[in-house]
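In the UniProt record's numbering, the protein residues as written are 1 to 225.
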């Protein structure tokens with residue numbers, strides 16, 4: 001497989017654009033994964049002997065694309081993980097959903113519970129069992145021919161399948177997301193893309209922002225600024 005696009009790299013971090021169909025890290029399927037691909041890239045480029053260290057800081061679902069950051073040192077991995085715990089990561093997604101939203105902007109707040117055996121997340125009214133999930137959204141455009149809407153989503157919590165569940169539960173399934181009721185066919189993908197990622201650099205402490213504009217359908221059906 002071709003190397004994922006490298007957006008930025010220095011001695012402490014590497015930021016890359018994850019394609020659809022690629023795992024964040026290796027699992028029992030042995031399918032292509034970001035960690036293995038980027039380790040091979042570092043080993044070859046810098047002629048590293050032995051095992052290359054690369055820390056997984058956060059994940060994207062296999063069917064999702066977009067910006068990811070990885071740690072090139074254990075110190076960077078620890079500090080980036082600490083930044084996530086302190087809510088210092090700012091994540092913005094682009095998403096195409098089925099239907100036309102009544103409100104052009106809004107905030108969703110739910111409690112989510114995961115069935116790990118089935119890998120399915122659902123909303124629960126029991127606050128003691130569920131994990132709080134919050135996001136804010138803005139409708140960028142509506143496509144009447146396909147009855148789909150392009151959204152910009154500011155993720156305020158990072159729960160498993162959060163965007164997918166919170167919108168599908170309100171009747172706006174993410175395009176291509178068969179697991180949560182989408183009627184639109186997309187090959188090995190859903191219309192969800194990690195568009196922008198901001199976080200403090202693990203050593204310099206300055207806030208870095210990286211963006212990736214999706215170049216696949218159905219995003220290309222819309223004008224994305």
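Positions of the beta carbon are idealized from the N, C-alpha and C atoms, including for glycine.
From a predicted model like this one, the values you see are computed outputs, not experimental measurements.
Cut-off 6 Å between Cβ atoms - residues of its own chain near residue i, not counting five sequence neighbours on either side
i: residue 150; result: 96, 140, 141 and 222
i: residue 52; result: 39, 42 and 43
i: residue 138; result: 105 and 152
i: residue 64; result: 192
i: residue 190; result: 63, 174, 176 and 177
i: residue 21; result: 188
i: residue 107; result: 136
Range covered by the alpha helix (DSSP H) that runs through residue i
i: residue 165; result: 162-168
Residue i versus residue j: straight-line alpha-carbon distance, rounded
i: residue 147; j: residue 34; result: 34 Å
i: residue 2; j: residue 85; result: 33 Å
i: residue 27; j: residue 49; result: 25 Å
i: residue 211; j: residue 62; result: 19 Å
i: residue 175; j: residue 83; result: 32 Å
i: residue 8; j: residue 89; result: 17 Å
i: residue 93; j: residue 79; result: 24 Å
i: residue 75; j: residue 59; result: 19 Å
i: residue 199; j: residue 68; result: 11 Å
i: residue 77; j: residue 144; result: 45 Å
i: residue 159; j: residue 133; result: 6 Å
i: residue 70; j: residue 13; result: 6 Å
i: residue 219; j: residue 29; result: 29 Å
i: residue 103; j: residue 188; result: 30 Å
i: residue 204; j: residue 72; result: 15 Å
i: residue 195; j: residue 47; result: 32 Å
i: residue 23; j: residue 32; result: 6 Å
i: residue 182; j: residue 162; result: 16 Å
i: residue 6; j: residue 16; result: 4 Å
i: residue 186; j: residue 45; result: 35 Å
i: residue 118; j: residue 168; result: 17 Å
Where residue i falls: helix, strand or coil (DSSP)
i: residue 222; result: coil
i: residue 198; result: strand
i: residue 36; result: helix
i: residue 77; result: helix
i: residue 48; result: coil
i: residue 82; result: helix
i: residue 43; result: helix
Close beta carbons around residue i, own chain, < 7 Å, minus the five adjacent residues each side
i: residue 101; result: 139, 149 and 172
i: residue 114; result: 121 and 160
i: residue 156; result: 134, 135 and 136
Extent of the continuous beta strand (DSSP E) to which residue i belongs
i: residue 17; result: 13-18
i: residue 154; result: 148-155
i: residue 106; result: 105-115
i: residue 174; result: From DSSP, residue 174 is part of no beta strand (DSSP E); its letter is neither H nor E.
i: residue 142; result: 131-143
i: residue 71; result: 65-71
i: residue 188; result: Neither: residue 188 is in no beta strand (DSSP E) and is coded neither H nor E.
i: residue 8; result: 5-9
i: residue 121; result: 120-124
Other residues of its chain near residue i: CB distance less than 8 Å, five sequence neighbours each side excluded
i: residue 224; result: 94, 140, 150, 213 and 214
i: residue 206; result: 200
i: residue 216; result: 20, 65 and 189
i: residue 130; result: 110, 111, 112, 113, 123 and 124
Sheet register partners of residue i (DSSP bridge)
i: residue 91; result: 155 and 197
i: residue 208; result: 199
i: residue 96; result: 150
i: residue 101; result: Answer is none; residue 101 lacks a bridge partner.
i: residue 21; result: DSSP, once it has assigned bridges, lists no residue as partnering residue 21.
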